[in-house]
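Have a look at the structure below before the remarks.
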Amino acid sequence: MTQEAATAAEKKPNPIVPFMKLPEKYPDEPAYLWGVVCNNCGAKYLGHRTACGNCGSTGPFEETRFGDEGEIYSFAVVHQTVPGLEAPYVAAIVDLDDGVSVRANVYGLDISKPGPEWFGKRVKMFTEKVRVDREGNDIIAAKFKVTDGK
Ligand SMILES: [Zn+2]
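Printed below as a string of structure tokens:
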């Protein structure tokens, strides 16, 4: 590809994880997490699977779209990170209402006062550009913010 063609190529936002999809009209249409359901036992997974960890079935798996709400299952306040990332932040495992868990950062908590009341807090997904790749495409990450059930 010539330099000119590369510049002319349309830039496209890309999800940072393979189990998130950005619709054609993103960001007008929100990004979402997706995965598969085991047709044999109903177990759900983020992204593709070649075998079910619950029943051992090798498929077929049905692709499904997950909702954007859930609650904090577990968390850690991270005080040190790699250069270029801001700390402290809250790294959490979020149990989605649809029955899968996802590792993501959670915002909207008072980071100076972590406590057991954070477990089970209601959260909702949002997306944010976290960096730009070598081709100049935005890289989009899924994050969560506390909703307090609202
Ligand atoms: Zn299964």
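According to the numbering used here, numbering within the sequence shown proceeds without interruption in unit steps and concludes at 252.
Idealized CB from N, CA, C, for every residue including glycine.
N-terminal and C-terminal residue of the beta strand (DSSP E) that residue i is part of
i	result
Ala133	Where Ala133 is concerned, there is no enclosing beta strand (DSSP E), given that its DSSP letter is neither H nor E.
Ala244	Asp240 to Val248
Lys146	Lys146 to Leu148
Would you call the region 144 to 155 and the region 183 to 197 in contact, with 3 or more CB pairs under 8 Å?
No, they do not touch.
In chain order, which beta strand (DSSP E) runs of at least 3 residues are fully inside the region 150 to 229?
Counting only runs of 3 or more, we get 163 to 167, 171 to 180, 191 to 198 and 203 to 209.
Considering only heavy atoms of ligand 1 and the C-beta of each residue, which residues fall inside 6 Å, strictly closer?
Every residue passing the under-6 Å Cβ criterion appears here: Cys140, Asn142, Cys143, Ala145, Cys154, Asn156, Cys157 and Ser159.
Are the region 110 to 119 and the region 229 to 238 touching, with three or more C-beta to C-beta distances below 8 Å?
Between the region 110 to 119 and the region 229 to 238, the count of C-beta pairs closer than 8 Å reaches three or more; the two stretches touch.
Mind the definition here: the region 242 to 251 touches the region 139 to 148 only if three or more C-beta pairs lie below 8 Å; say whether that holds.
In short, these stretches do not touch, since the Cβ pair count stays below three.
Are there three or more Cβ pairs, one per stretch, closer than 8 Å when the region 186 to 193 is compared with the region 158 to 167?
No, the region 186 to 193 is not in contact with the region 158 to 167.
Under 8 Å: do the region 236 to 243 and the region 210 to 222 share three or more Cβ pairs, one atom per stretch?
They do not touch, by the three-pair rule.
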